[in-house]
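Reviewing the structure listed below.
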Amino acid sequence: MIQAIHTNVKGRIRYKINELYRSVELKEYLERSLSKEAGINYVSANSLTGNILVNFSREQSPNQISFLIEKVLLNYQKKSKKSITKTIGDVQEQKPETWHLMTATSVVKKLNTSKTTGLSSNSAVENLKKYGANVLDQAATRSDLSILIDQFKSLPVALLGVAAGISLITGGVIDAVVIMGVVTLNATIGYVTESQSERIIHSLKSQEQTSTWVIRDGKQIEIPTEDVVLGDILFLKPGGYIVADARLLEADNLSIDESALTGESIPVTKITASLNGEDIPLGDRHNMIYKGTFVISGQGLAAVVSTGKFTEMGKIQQMVGEATAIQTPLAKQLDEVGSQLVLIGMGICGLIFGMGVLRGYGLVQMLKSSISLAVAAVPEGLPTIATTTLALGIRDMRKNNVLVRSLSAVEALGSVQTICMDKTGTLTENKMSVVEIYADSKHITVSDGEFINAAEKINPHTCDELLKLIHVSVLCNETEVSLQSDGEYIVTGSATENALIYMAISAGVNAIALRQKYLLLQTNLRSENRNIMSTIHQTPDDQQLIAVKGSPTEIVQICQKWMKNGQIVPLSEEDRQAMEIENDRMAGKALRVLGVAYSHIDETKNDKNYESDLIWLGLVGMADPIRKGAKELIGDFHEAGIDTVMITGDQSPTAYAIAKELELNRDPQLEILDSTNLNNLTPEALTALSDKVDVFARISPSNKLQIVQALQAAGKVVAMTGDGINDAPALKAAQVGVAMGKSGTDVAREVADIVLEDDRLETMMIAVSRGRTIYNNIRKSVHFLLATNLSEIMVMTTATALGIGEPLNAIQLLWLNLVTDIFPGLSLALEAPEPEVLSQPPRNPDEPIIKNTDFARIAFESATLSVSTLAAYSYAILRYGISPQASTIAFMSLTSGQLLHTISSRSEKHSIFTQEKLPNNPYLNAAITGSFAIQLLALIVPQLRSLLKITPLNLVDSLVIGSSALLPLLVNESTKENNFLKKLDTPEIKSEINTDKLSVPRSRQ
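For the sequence shown, the positions run 38 to 1042 when this note's numbering is used.
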């Protein structure tokens, strides 16, 4: 079945195809087949939404295009030799229907059920067998085994494993054991850290409601949620969890919290009438209810139309499964480094082996040496340094209530260029609060429990009009209020009515005592055609009071008087217009506005229409308040060069107002795009627009996924924050998914890389800082490791080429790498953050961890170490000949030089000769001291001396070794290009520089 959705633009049409939904094979077949047809310019099908967009020549008509699509569908059906409506085992799929467009009577008839008696027990059993249990597929979680296997997937680790195997085959048992010890240490650190994070995140999981009330065989019964089937009649009551998608049959003042599914922060008032229109967004289907949402108030009946994986929640979970997580920048770059080292290692192995054989050295000896040198080309410490540094980052995050699921997520957040933030429950608190009151012609702002007019605080107890408005708001209110022994109030009800109670509490009004004083006699709830609620109360002097709240437009029309300057005066038509203007003004600020009125009932009159001749009190404006610190956080992101994008299910005016308050963009003009326009865009057009839009409004879960993928297609590293079911696909697709721990849903937490345990979004800046510092430090470590390991290759290659023997044997090379690689390299990875880490733009994710410009510096540093070592080795050959003594001097010189080179690798700019010193790094001091101590043990302990084939040293040899080690440090430090930078940093020069011209522009600019 195909259905035209958008046909307004000539030469462009969008269709809904039921068979296309969740069929990637049909998507590809349609795009491939239709593109070959004459007159078709462009085809884009989407298996997540079931829509297809076709651009065609103006000579053709929409009917011709429809015919073409039907022909292609028929060919596909014949080709596959099976019905498009699939059967999985004995369980049939539930066809997607436009239930919201049908009347309630038609729905009941189509489902073969009854509003009064429900399904029969036999029919329920048949439907359960036909369509399956009402359960969602469990999200795949990382098992302990998969976490362990993940630790061995990097190329450097794989190369070390191959080297260990070759060493074992060629008799190097000790070499193999040491190499595999390094690999095991790396895997252990990663496994322990990640599995601990997984356990903590799973402990946050909440339990879904296990039973629900339905009507079967004419009776209300409670059944397990998994036994709910198509056609069941759900009985809805306040606080109830909705266990399946259903079409409403009856709704009595029914409002549903759909924020977890749609992102709409305000509870939705439901109706039973059928809707008109073809492509109605999920959030606007007011006659439908969906699995995973909650009943806030009222009651009703609904016929189940989808269960289990066929519900909207099930579809989202399927999108989560289809969404692909993107590899993080550091993981990519370390793999690139690993690949390069594989090639270098193979080349060196062949080169040294060939030269040695030509020089007449033994085959076995040269095979061992060349393999050892190839292993030396791969820094054994690289995987361990990266893993350990990231693990320490996770530990620091945990101290700040940030749970990190994987090691790479910390680093990835440090490289993020764009953060997509869900509004409801992330940027806002997902609860309503009174923020503005208009009473007695006064604009009163409500903030942090204070009432402010024209910069002056108002005591509500000294302002009769304001106090009466607060009292009526408490009385005309279904929220239950109780007081705990510690003096804290427990407030249970709808978000709107809760906000009114909290307003009263902040004003010092005892809501419980007020209700006891004015006993409730009658409640008249809102209905579909009447947006007013009223309550009748017994007053202490035995009169009756009517309290009214609701639509300001409706209430102001039935008011005859109003309170002004402490007096009750007639309400003129001009006054009414003034109230309506104020209502429009507040609504324009994206506030939910209620009108409040009251009156005393004249019992002598026989008129039962109590809602008339009322006294107008004023307007109350409510909003979902922005989380404390959210605005400052947005500013911090901008300072760090990170673009911020808000994605929400709210209407455009609400989203725009929140974005303006947050100052989401430093530019005065905000760019906003809603789902209607977004659905009309081609993927290419969305990619082009994605990084120019600040706010996406009225967005569905599939739209969120499209937006994240479009930003990624534009070359951005994307983080996504969210707490709802509707955020889950985008959370998984983003390089970094950040979920809320307290208010977030289980689905969101299951797919997120990072969980904010206390829901404090501000801690993301800590993670950004940690991520950037980790990357910079790992970069320092990689630079150090490559420079030192290259020096070993230079020494061995030069000596072999010149025919002056082997300065280092195979075991010495391995020892050298163990002593100088792991702990010194790790100490560099623990350097303190640079002061400007959060005032710089994020790095380009395509930029390699070692840039081309770095290789010249690395080669220079390696050359100084190599020349110095070869000079010491030459001295030894002149004195001792090619012997173990000469090899010992070369071995000790190179080891000492590499350890001192750790000091030089702390900074690319700062030298030990500059006045400004780097912060002390105790880990580096301990690593250098400890490594020197281990090296001395090799000289002192006979067993180690024998293993390494080294000899004792005399004073002159020691001085030569010391000079050889110190000289490269002095040369490398004196050649750092920091003198010019230091001059630029002086106040005199700073004052002469236009810093604006030197600043790095944001990507959007």
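For glycine and all other residues, C-beta sits at the position ideal for the given N, C-alpha and C.
Treat the numbers as computed from the prediction; the structure is a model and nothing was measured.
Going along the chain, which residues of its own chain have a beta-carbon closer than 8 Å to the beta-carbon of P879, five neighbours each way excluded?
-> Sequence-distant partners of P879 (beyond 5 residues in either direction) whose C-beta falls short of 8 Å from its own C-beta, in its chain, are G451, S452, V453, Q454, A677, G678, I679, V754, R809.
What is the DSSP secondary structure of M469, counted as helix, strand or coil?
-> Reduced to three states, the DSSP call for M469 is coil.
Would the C-beta of K888 count as close to the ligand NAD, meaning under 7 Å from any of its heavy atoms?
-> With respect to small molecules bound, the structure shown includes none, and the ligand NAD cannot be examined in it.
State buried or exposed for R432, treating a residue as buried only when at least 16 other CB atoms are found within 10 Å of its CB.
-> Residue environment: R432 is assigned as exposed (fewer than 16 neighbouring CB atoms within 10 Å of its CB, all protein chains considered).
Roughly how many angstroms separate the alpha carbons of I709 and Q597, rounded to a whole number?
-> If you take the alpha carbons of I709 and Q597, they lie about 42 Å apart.
Out of curiosity, what's the CA-to-CA distance linking S334 and G277?
-> S334 and G277 have their C-alpha atoms roughly 9 Å apart.
How far does the alpha helix (DSSP H) with R69 in it reach, from first residue to last?
-> Start and end: 61-72.
Buried or exposed (CB count within 10 angstroms, at least 16 for buried), Q706 = So Q706 ends up on the exposed side.
Curious, which full-length alpha helix (DSSP H) runs of at least 4 residues does the region 739-772 contain?
-> As far as the region 739-772 is concerned, its whole alpha helix (DSSP H) runs of at least 4 residues are 765-770.
By DSSP, does N881 sit in helix, in strand, or in coil?
-> It is coil, neither helix nor strand.
Taking the C-alpha atoms as reference points, what is the distance between T825 and S903?
-> If you take the alpha carbons of T825 and S903, they lie about 9 Å apart.
Where does D459 land, buried or exposed, given buried means 16+ other C-beta within 10 angstroms?
-> It counts as buried.
For G632, the residue or residues it bridges with in DSSP | Partner(s): G587, L656.
Kindly indicate which three-state DSSP category A338 falls into: helix, strand or coil?
-> Checking the sequence, you will find Leu at residue 338 rather than Ala. Of the three classes helix, strand and coil, the one that applies to L338 here is strand, per DSSP.
Counting Cβ pairs, one atom from each stretch, are 3 or more of them under 8 Å apart for the region 281-290 and the region 139-156?
-> Enough Cβ pairs lie closer than 8 Å, so yes.
Quick one: is K53 buried, meaning 16 or more other Cβ sit within 10 Å of its Cβ, or exposed?
-> Classification for K53: buried.
Measure the alpha-carbon distance for A970 versus G462 and round it to whole angstroms.
-> Roughly 55 Å separates the two Cα atoms.
Specify, as a first and last residue, the run of the beta strand (DSSP E) that M570 falls within.
-> Bounds of the beta strand (DSSP E) holding M570 are 569-575.
For the region 749-766 and the region 688-701, state whether three or more C-beta atom pairs, one from each stretch, are separated by less than 8 Å.
-> The region 749-766 makes no contact with the region 688-701: fewer than 3 CB pairs, one atom from each, lie closer than 8 Å.
Distance between beta carbons of L57 and V109, contact taken as under 8 Å | Going by Cβ atoms, the distance from V109 to L57 rounds to 11 Å, so no, they are not a contact pair.
Pick from R916, R807, W852: whose alpha carbon is nearest that of A446?
-> The residue with the shortest Cα to Cα distance from A446 is R807.
Euclidean distance between Cα positions of T719 and S727 = Whole-angstrom Cα-Cα distance: 12 Å.
Is the region 499-511 touching the region 655-664 in the sense that three or more CB pairs, one from each, lie closer than 8 Å?
-> Yes, the region 655-664 touches the region 499-511.
What residue does the beta strand (DSSP E) around S81 start on, and which one ends it?
-> For S81, the enclosing beta strand (DSSP E) has its first and last residue at 77-83.
Which residues in the same chain as A541 place their Cβ atom closer than 7 Å to its Cβ, once the five residues preceding and following it in sequence are excluded?
-> Taken in chain order, the residues that qualify are I507, S510, V511, A548.
Out of curiosity, what's the CA-to-CA distance linking D687 and K626?
-> Each residue's alpha carbon lies about 14 Å from the other.
So who's on the other strand from E287, going by DSSP bridges?
-> Paired residue(s): L338.
Which stretch, first to last residue, makes up the alpha helix (DSSP H) that contains T461?
-> Looking at the DSSP string, T461 is not in any alpha helix (DSSP H), and its letter there is neither H nor E.
Note down, in chain order, each residue of its chain lying with its Cβ closer than 6 Å to the Cβ of G198, except the 5 sequence neighbours on either side.
-> Its chain contains no residue whose beta carbon lies nearer than 6 Å to that of G198 once the 5 sequence neighbours on both sides are disregarded.
Taking Cβ to Cβ, would you say I456 is nearer than 8 Å to T901?
-> Contact flag unset, no.
In whole angstroms, what is the alpha-carbon distance linking S920 and I914?
-> Between the alpha carbons of S920 and I914 lies a distance of about 8 Å.
Assign N854 to buried or exposed, taking buried as 16 or more other Cβ atoms, counted over all protein chains shown, within 10 Å of its Cβ.
-> By the neighbour-count rule (16 or more Cβ atoms within 10 Å), N854 is buried.
Nearest CA to the CA of F674: which residue from E700, R664, E502?
-> Ranking the options by Cα distance to F674, first place goes to E700.
Beta strand (DSSP E) segments (min. 3 residues) lying fully within the region 640-722 = DSSP assignment within the region 640-722 yields the following whole beta strand (DSSP E) runs of 3 residues or more, N-terminal first: 651-660, 680-684, 709-711.
Within the chosen definition, does the region 60-77 reach the region 721-740 through at least 3 CB pairs nearer than 8 Å?
-> When C-beta atoms of the region 60-77 are compared with those of the region 721-740, fewer than three pairs fall below 8 Å, so the two segments do not count as touching.
Spatial distance of A771 from V172 (CA atoms) = Roughly 27 Å separates the two Cα atoms.
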